[in-house]
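One structure below.
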Ligand code: FES
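Chains as they are written, first to last, in the working numbering: chain B, 1 to 156; chain A, 1 to 81; chain E, 1 to 354.
Okay, structure coming up:
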């Protein structure tokens, strides 16, 4: 019978659509809930503590990567010897950037974005400059912290 | 009316002065974040409305079957496995 | 589906067919008042959402005099979407209580409480009380000036009850005044005691409804009317309404996140024109009607006695309304129901406006 046939397909189609839709909505809500319940999920640290000896002695005009939470951070020594740290993540769509010593610029390969030594976005799509961190050396320890964040290390 | 608004403004400005510093941010203050929040709200509503449309379709389907009186038979259909 | 083995595993052990046929035969009457059947479901839906958002919020909240207020500020300002979940919890509570009230007044006016459903009314009334206690205890957890003052007033009001008043007040406050003791106490109420009672009562309430089916208003009971299946028809309609409610709640939460006041200080004067939460406004407004002294008695006490009697009568209505128990129309109780409803609505509105 023709009706029977069309009936079943329409019903299965609707059921699949319904189930899929509910699944999508539930997982979206659950994601938000989990993000709240597990605050480290997708959240960056306020500061990280590194071993100072590994970083301070890099040659001028070069970078050394470190882990900023789950993301890439750069310890950066400029040509004149001043040191800073920054997040090595492009402000456009969060690709990792690389440092080009010959040009003294940071380059993002994803959409050809360029940043200068101070992290300013000079060319390409990136909308904002790179994020820089505060650094501090405290007996053999290199502390990299979000700008303006007061680090209180537990007394060991 | 005018007096009312004047007093309202007075009250508001007063409270702004009083709480200028200790006002607690109960909503994201960065415009970009706010935009994302509103965008997500819009998406959420679209999802809800879509789901409602699907449920309405399902309901209509059930009603059609019930009217035809063939929803009762379903049990007797042998299961193919 | 390919879970045939799992299905048969379950079917071999449990009477799934029995449950299925039970569900398949449950019908809902269809008539011009059937819209009120949905209000209870909506209230329950909000309670479920409150449980969920409450669970995650309790992971961060610190029920301590010194930290309570600060921990909420941390939730709101520091955590991912913290402001949102607090706001949703706030609005979910408001909406839950609104729908509990709509549900109870619709039951009252349609006389759904009449025989044989007296116990459903009793459990429902208890759930209403519990919703209000939920609101009161949750409100104090914020531990800001307003909440502090409101709870001080509310527990003080309960203290005016003759005989038991002092005991209730001391029990709620955990001391002579609202202090840190009260905070931990209300926290325990809010996250442990009340939820368990709520679940228990809801289960009883739902089982009673399940056993006795939906009540049909007296005026149309005798008429022939259509029915629809609970599953799938009513169930999916419920789902639609829940989704709309969810959307409304989330929108309210985004557009009107609740404010956080200054930290409570027991020695500071209370903030200007404090008002209790809206579901206490009718009580608050009633108290204002009474003069300070009546026949040499404390006006407060008289007012509270009268209010308590009014509430007690409300609670016992199914046992007084003999006529509708017999299935006859009982205009007297229709009027009583209307008066109660109007009184509540009008007094709440007046409280809002002034
Ligand atoms: S992500 Fe870096 S330029 Fe687009």
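Idealized CB from N, CA, C, for every residue including glycine.
- Taking 8 Å as the threshold, the shortest C-beta distance from residue 6/E to chain A does not fall below it.
- Residue 18/B reaches chain A at 51, 54, 55, 57 and 58, counting residues in chain order whose Cβ is nearer than 9 Å.
- Note on residue 100/E: 16 or more other CB atoms within 10 angstroms of its CB, so buried under the neighbour-count rule.
- Going by beta carbons, residue 88/B and residue 103/B fall outside the 8 Å limit.
- Every residue whose Cβ sits closer than 6 Å to any heavy atom of the ligand FES is listed here in chain order: 90/B, 92/B, 93/B, 95/B, 108/B, 110/B, 111/B, 113/B, 124/B, 125/B and 126/B.
- Sequence-ordered contacts of the stretch 63 to 89 of chain E with chain A read 73, 76, 77 and 83 [C-beta pairs closer than 7 Å].
- Assignment of residue 238/E by DSSP, reduced to helix, strand and coil, places it in the helix class.
- Within 10 angstroms of the beta-carbon of residue 330/E lie 16 or more other beta-carbons, which makes it buried.
- For the pair of segments examined, the stretch 29 to 48 of chain E was found to touch the stretch 92 to 110 of chain E: the number of CB pairs separated by less than 8 Å reaches three.
- Residue 56/E has a beta carbon lying within less than 8 Å of a beta carbon in chain B.
- Using beta-carbon distances, residue 25/A does not count as an interface residue toward chain B, since no partner is under 8 Å.
- Annotation: the continuous beta strand (DSSP E) that includes residue 68/B extends over 62 to 68.
- Of all C-beta pairs linking the stretch 223 to 241 of chain E to the stretch 112 to 125 of chain E, fewer than three are shorter than 8 Å, placing the two stretches out of contact.
- For residue 54/A, there is no enclosing beta strand (DSSP E); the enclosing alpha helix (DSSP H) has its first and last residue at 31 to 68.
- Within chain A, the residues placing a beta-carbon under 7 Å from that of residue 25/B are 47 and 51, ordered along the chain.
- A direct Cα-Cα distance of roughly 21 Å separates residue 116/E from residue 25/E.
- The three-state secondary structure of residue 34/E, taken from DSSP, is helix.
- By the neighbour-count criterion, in which 16 or more other beta carbons inside 10 Å mark a residue as buried, residue 60/A falls on the exposed side.
- Residue 93/B carries a coil assignment under DSSP once its states are collapsed to helix, strand and coil.
- For a Cβ distance threshold of 8 Å, nothing in chain E lies close to residue 115/B: the least Cβ distance comes to about 27 Å.
- At a beta-carbon threshold of 7 Å, the residues of chain A lying near residue 251/E are 41, ordered along the chain.
- DSSP, read as helix, strand or coil, puts residue 54/B in helix.
- At a C-beta separation below 8 Å, residue 61/A has these neighbours in chain B: 10, 11 and 14.
- Contacts between residue 59/E and chain B, judged by CB atoms closer than 7 Å, involve 37 in chain order.
- When beta bridges are read from the DSSP output, residue 346/E appears opposite no residue.
- Straight-line measurement puts the Cα of residue 27/E at about 31 Å from the Cα of residue 5/E.
- For residue 236/E, the neighbours in chain A by C-beta distance under 9 Å run, in chain order, 55, 56, 58, 59 and 62.
- In this structure, the beta-carbon distance from residue 178/E to residue 146/E does not fall below 8 Å.
- Residue 29/E carries a strand assignment under DSSP once its states are collapsed to helix, strand and coil.
- Secondary structure note for residue 5/E: its alpha helix (DSSP H) is the uninterrupted segment 4 to 13.
- For residue 30/A, no Cβ of chain E is located within less than 8 Å of the residue's own Cβ.
- At a Cβ-Cβ threshold of 8 Å, residue 151/B and residue 145/B count as neighbours.
- Contact annotation: the stretch 191 to 202 of chain E does not touch the stretch 154 to 174 of chain E, with fewer than three C-beta pairs closer than 8 Å.
- Listed in chain order, the non-local C-beta contacts of residue 97/B below 6 Å within the same chain comprise 88, 90, 106 and 108, local neighbours out to five positions each way being set aside.
- If you draw a straight line from the Cα of residue 15/B to the Cα of residue 247/E, it comes to about 23 Å.
- Positions of the beta strand (DSSP E) runs, each at least 3 residues long and wholly inside the stretch 128 to 198 of chain E, cannot be given because no such run exists.
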